[in-house]
């Protein structure tokens, strides 16, 4: 068995991955809150932004954490098409869950369907990303820990969507985002602890790209997207602020004084 190190770069990758998960969750929750207060095309656009933020945040969290993953006795490479597919899966399934909540008439049913869909999608993203790993050896999984990681993903996704429906205050959203980030990170490392590798040393070159060649530049790009989108959302007025501004700009009707006869 090869020795697995999930933090080969120290606490840098776990801490940074947690930050990315929190940013994606916070941005997604704020966008969903904006969407629920909007109608028509505006609601759709906010929901799309929420889905891209949450999906991107989860994917970035996973692969930033993977920068610290190593196995003694073998190099590690990543299959580029599968890695990109895992990103697409993350965004699409989160989009399905967010839209189920954003347009569902029965909120309880929409929350269940959205949480289940999103949670299973997040777990699929994780294990699809793991399927993209190339190394000299055989990878096996502990089914109990795999099941636990999927359960954590579903519960975390349902809690996030519930928060989007019920939490409006910025401070509460921040707290919910910190909890969501911890839940997503827990899901990731539970899934990673399920991994065992039987190394088969070989002199053959591994196919795919190294983490620094592919994962790191992509994670930096997506992280920049999250920061820029966060700035846009922070500067974008809420529905209440727009209504207050419109009310302030309406001309005040003058009332002519009534003179006594």
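Numbering (the numbering used here), first residue to last: 43 to 303. Virtual Cβ for every residue (Gly too), placed ideally from N, Cα, C.
Residue 222 to residue 245, Cα distance in whole Å? For this step, residue 222 is matched to residue 180 along the chain shown. For this step, residue 245 is matched to residue 203 along the chain shown. Near 42 angstroms, if we compare the C-alpha coordinates of residue 245 and residue 222.
Exposed or buried, residue 88, counting other C-beta atoms within 10 Å across all chains shown (16 or more means buried)? Here residue 88 refers to the residue found at position 46 when the chain shown is read from its first residue. Residue environment: residue 88 is assigned as buried (16 or more neighbouring CB atoms within 10 Å of its CB, all protein chains considered).
Can you list, in chain order, the stretches of the alpha helix (DSSP H) that have 4 or more residues and sit fully within the stretch 118–183? Runs of the alpha helix (DSSP H) lying entirely within the stretch 118–183 and spanning at least 4 residues, in chain order: 122–145, 149–173.
Taking just the CA atoms, how far does residue 116 sit from residue 59? Here residue 59 refers to the residue found at position 17 of the chain shown. Here residue 116 refers to the residue found at position 74 of the chain shown. Going from the Cα of residue 59 to the Cα of residue 116 covers about 24 angstroms.
If you measure between the beta carbons of residue 156 and residue 203, is that distance less than 7 angstroms? Stepping through the chain shown from its first residue, residue 156 is reached at position 114. Stepping through the chain shown from its first residue, residue 203 is reached at position 161. Their beta carbons are under 7 angstroms apart, which means residue 156 touches residue 203 by this criterion.
Run through the stretch 244–272 for me and flag every whole beta strand (DSSP E) of 3 or more residues, listed as ranges in chain order. Qualifying beta strand (DSSP E) stretches: none in this window.
Helix, strand or coil, according to DSSP, for residue 216 in the structure here? The sequence position of residue 216 within the chain shown is 174, counting from 1. If DSSP states are grouped into helix, strand and coil, residue 216 belongs with the helices.
Hey, is the stretch 157–164 in contact with the stretch 74–91, meaning 3+ C-beta pairs nearer than 8 angstroms? Not touching, per the Cβ criterion.
Using C-beta distances below 7 angstroms, list every residue in its chain close to residue 147, excluding the 5 sequence neighbours before and after it, in chain order. Locating residue 147 in the chain shown gives position 105, counting from the first residue. Cβ within range, chain order: n/a, list empty.
How far does the alpha helix (DSSP H) with residue 209 in it extend, from its first residue to its last? Residue mapping note: residue 209 aligns to position 167 of the chain shown, counting from 1. Counting along the chain, residue 209 sits inside no alpha helix (DSSP H), nor does DSSP assign it H or E at all.
Name the residue from 130, 124, 142 whose alpha carbon lies nearest to the alpha carbon of residue 100. Translated into positions along the chain shown, residue 100 becomes position 58. The shortest CA-to-CA distance from residue 100 to any of 130, 124, 142 is the one to 130.
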